[in-house]
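Counting from 464, one number per residue, gives the positions in the sequence shown under our numbering.
Note that beta-carbon positions come from the ideal geometry of N, C-alpha and C, so glycine has one too.
Fair warning: this is a prediction, and the values are worked out from it, not measured in the lab.
Everything on this sheet refers to the single structure shown next.
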Amino acid sequence: MAIAEEKHPFPRGQSALGPLVALYVLALGIRLLRLFDLDYTFDEAVLLLLRHQSYAEIWEFCKTDNFPPLFPWIVKAWMSLSSSHQWYRLLAALLGALTAPMAYVVGKELWDRRLGWMLGLACAISMPLVFFSQFVRMFNLQPVLMLVSVYGLLKGLKTDRWGYWLLMSVANLLGFYIYLLWPLLVVAEAIAVFWYREFKWRRMIRPALAHVPFLLGMAAWLIPALTRYSSVREEFWITEMYWYDWFMTLVRMGSGTDFRDTYWLTLLVNAVFLVGLALAVILSRGRRELRALAIIWGLVYLGIMGFSILGNSLLNWRYVLFIQPLFLALVIAGWLAAKSRLRRFGLIGLAFMMLFSLGYYFFDYYEMHDYYGYMRSYPHAEPGEGHFFSTVTDSVEARLQPGDVIIHYSQTYHRVCTYYTSLVYHNRSLPEYMYFKGEIPGYWGRQYLRPGEQIRSLADLQPPPEGIWMMTLDSLEVMFSDKPRRWVFWENLPLELRQAGYAAVDTLQKGKVAAVYFQRQPEGQRP
464 MAIAEEKHPF
474 PRGQSALGPL
484 VALYVLALGI
494 RLLRLFDLDY
504 TFDEAVLLLL
514 RHQSYAEIWE
524 FCKTDNFPPL
534 FPWIVKAWMS
544 LSSSHQWYRL
554 LAALLGALTA
564 PMAYVVGKEL
574 WDRRLGWMLG
584 LACAISMPLV
594 FFSQFVRMFN
604 LQPVLMLVSV
614 YGLLKGLKTD
624 RWGYWLLMSV
634 ANLLGFYIYL
644 LWPLLVVAEA
654 IAVFWYREFK
664 WRRMIRPALA
674 HVPFLLGMAA
684 WLIPALTRYS
694 SVREEFWITE
704 MYWYDWFMTL
714 VRMGSGTDFR
724 DTYWLTLLVN
734 AVFLVGLALA
744 VILSRGRREL
754 RALAIIWGLV
764 YLGIMGFSIL
774 GNSLLNWRYV
784 LFIQPLFLAL
794 VIAGWLAAKS
804 RLRRFGLIGL
814 AFMMLFSLGY
824 YFFDYYEMHD
834 YYGYMRSYPH
844 AEPGEGHFFS
854 TVTDSVEARL
864 QPGDVIIHYS
874 QTYHRVCTYY
884 TSLVYHNRSL
894 PEYMYFKGEI
904 PGYWGRQYLR
914 PGEQIRSLAD
924 LQPPPEGIWM
934 MTLDSLEVMF
944 SDKPRRWVFW
954 ENLPLELRQA
964 GYAAVDTLQK
974 GKVAAVYFQR
984 QPEGQRP
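Rendered as C-alpha cells:
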C-alpha cells in the first residue's frame, strides 16, 4: 500500500500558531469568567491534602483511592509555586483551555480547516467542558489527552510514521495514569485502526509495536487499577440505571444541563446535537477517518453503557467527558455533510444552542456548582454565596478558644464535604473531628482520615471540651426538632450535646453553612 505524502497543514505565509493561540485565549477567557467565585469542594480539598506527601507517597496512597497518581502529582508540582486559592483554581482553567486548540488540530486533520475552526470554537464554549475547566479535577485534562491520542491515530493512518503512533501511545499512557477507564479508549482505537486497514494483521504491526511502551507502563499500575475497580464497584457503583440516566448522558455531552428538569427545553436544545450525530453516521460513507472516529466514540460509549448495565453506574457526565470532543466533532461533521440549506440551518442552530447553554450555565452558576451543598440555588442565592463556607470557617477559627473543638455534623454525605474542606482551610492545625457512628465509605474519603479524627460519640472526646463548634449544612430547625428526621434520629448529636450538659450560646450562618457554638454548663445550670 502506498502511503500518502504528508502535506504541510498551512499555506505559505500563514502562521500555524495563530489559530491555536486565538482559540486558547478565547477558551481561557471564557473559563476565567467567575472562576474564583467558589470555595473548595470535597474533591478539590482532598487533592490539596495529598500535596504535602512526597511523589512516592502519593503513588502508594493512590492505590487506595479511586484515581491514578498523575493528576495529584501535577497538583503537587503546581502548588509548590504558590499555595493561594486563586493559583489552585487557575490550574483547571489553564489545562481545560488546551482542549480548544487541540480540537482545531484534530478537526482540520479529520476534514479541513473549516471543521477545525468549528470544532475548536465548539470546545471553547461547550458548557460541560467549561464546567470541568472551573473545577480542579483530572476531568479537565482528559479531553486534551484524548484529542492528542486521536490526532496521532489520524496522522498514523495517513502516513504510517512511527512518530505519530508513538505520540498516540504516549498520550494513552498518560491518559491511563489520569483515568481508570482509559483502556476502553485504547481498545476502541485498536478496533478502528483494524477496520480502517481492512482487517489485515500485517498492517497493524507498527501501531501495535508503538504501543509496547504503553503496555509496559500500564503494567506498573494494572494491579492497583483492577483492585480499585473491584473495590469501588462493590461499595459505590452498584446502582440501578433508568431511562433518564441514558438520556442524560447524551444531554450532558450537548447542553450539559436539563435546565432544572425543564424537559421540553432540554429536548429542544439537544435535538440539534442528536440530529447532527445521526447525520454523521448516515452521511459519512466517503470519509473513512470520520467513520473511524464514530467507531471510537461509539465503542467507548457502548463500553461504558455495558458496565452500567452490569450494575456499575458509570453513565455519569464526568465519566464520559473525555470523549465529549469526539461527540462534538461528529455532530458538526454531520451537519457539514448535509445539503446546503439544511447545513446552514443546523450549524446556526448548533451555535445558538451552545451559546444558550453556556449563558444559562453562568446565569445559574451556583446551582450548577451546588453538588456539594455549600450554596443555595437561584433565585435565593446572595452575592458572594460561593465563599460563604470559607467565611464561616474563618470566623470559627477566629473565635476558637483554648479547649474548644470543631465537630462536623450534617446529613452523612455533607459531613465529609465540610470536614475535608475545612481541614484544608485550617491547614489541619485545629482540633477538628467528623461525627460518624458507622464506617465511613472509601468513596467518601475514609483513606484521608488520620487516627482519632472520626468520633462516634461525644464520649470519644476526653477530657470533655469546654466549647464545641458544630459545623453543618443542614437546617437547624430540623436538627433541634422534637421529631427529628431519620438521619438525625440515628445519629443525634444535638441530643448528645444536651445530655452531656452543653447549651447553644452562639450561631454563625451564611447561606446553607451554619456553625453553632455549644458551651459546657456548670452542673447546676445544665439543661
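Query: What separation, rounded to the nearest whole angstrom, lies between the Cα atoms of Lys975 and Val763?; Result: 39 Å
Query: Which one or two residues does DSSP pair with Val976 in a beta bridge?; Result: Lys973
Query: Give me the DSSP bridge partner(s) of Glu895.; Result: Ile869
Query: Cβ atoms of Leu821 and Val593: under 8 Å apart, would you say?; Result: yes
Query: Taking DSSP as the reference, what is the three-state secondary structure of Trp580?; Result: helix
Query: Where Val941 and Arg919 are concerned, what is the direct C-alpha to C-alpha distance, given to the nearest angstrom?; Result: 21 Å
Query: Less than 8 Å between the C-beta atoms of Phe981 and Ala967, yes or no?; Result: yes
Query: Per the contact definition of three or more C-beta pairs closer than 8 Å, is the segment 953 to 966 in contact with the segment 886 to 903?; Result: yes
Query: Report the rounded CA-to-CA distance for Leu689 versus Trp522, giving the unit in angstroms.; Result: 15 Å
Query: Taking only beta-carbon atoms, is Gly849 less than 8 Å away from chain E?; Result: Any reference to chain E falls outside this structure, which holds one protein chain only.
Query: Quick check on Lys571: buried or exposed, where buried means 16 or more other Cβ atoms within 10 Å of its Cβ?; Result: buried
Query: Just confirm the distance between the C-beta atoms of His889 and Gly836, as a whole number of angstroms; I'd bet it's less than 8 Å.; Result: Their Cβ separation, rounded to whole angstroms, is 20 Å, which puts His889 and Gly836 out of contact at 8 Å.
Query: In whole angstroms, what separates the C-alpha of Ile811 from that of Leu486?; Result: 19 Å
Query: What residue from Phe943, Thr729, Arg913, Tyr896 has the CA that sits closest to Leu921's CA?; Result: Tyr896
Query: With DSSP as the reference, label Trp700 as helix, strand or coil.; Result: Only weak support is given to the placement of Trp700: the predicted model assigns it a pLDDT of 49, under 50, and the value that follows is read from those uncertain coordinates. Reduced to three states, the DSSP call for Trp700 is coil.
Query: Quick one: grab the DSSP three-state call for Tyr707.; Result: helix
Query: Considering Cα atoms alone, identify which of Pro985, Gly615, Thr884 is closest to Arg961.; Result: Pro985
Query: Please classify Ala673 as buried or exposed, where buried requires at least 16 neighbouring CB atoms within 10 angstroms.; Result: buried
Query: Short check: CB of Leu936 to CB of Ser873, under 8 Å?; Result: yes
Query: As an exercise, report each continuous alpha helix (DSSP H) stretch of at least 4 residues that is fully enclosed by the segment 625 to 656, in chain order.; Result: 625 to 639
Query: Might you give, ordered along the chain, the residues of its own chain that have their beta carbon closer than 6 Å to the beta carbon of Phe851, omitting 5 neighbours on each side?; Result: Lys973, Gly974, Val976
Query: Would DSSP call Arg807 helix, strand or coil?; Result: helix
Query: So does the segment 559 to 575 actually touch the segment 594 to 607, counting three or more Cβ pairs closer than 8 Å?; Result: yes
Query: Skipping 5 residues on each side, what residues in its chain have a beta carbon closer than 8 Å to that of Phe505?; Result: Tyr835, Val879, Cys880, Tyr883, Thr884, Gly908
Query: Please name the residue, chosen from Phe722, Val656, Leu647, Ala844, that lies closest to Leu753 on a Cα-to-Cα basis.; Result: Val656
Query: By DSSP, does Arg983 sit in helix, in strand, or in coil?; Result: strand
Query: Taking Gln917 as the reference, which of Val868, Leu805, Leu730, Tyr823 has the closest Cα?; Result: Val868
Query: Throw me the rounded Cβ distance for the Phe819 and Val738 pair, which I believe falls under 8 Å.; Result: Their Cβ separation, rounded to whole angstroms, is 16 Å, which puts Phe819 and Val738 out of contact at 8 Å.
Query: Who pairs with Gln917 in a beta bridge, going by DSSP?; Result: Met897
Query: The alpha helix (DSSP H) with Ile759 in it runs from where to where?; Result: 751 to 772
Query: Going by the CB atoms, is the gap between Val735 and Met816 shorter than 8 Å?; Result: yes
Query: Give the straight-line distance between the Cα atoms of Pro676 and Met631, rounded to the nearest whole angstrom.; Result: 11 Å
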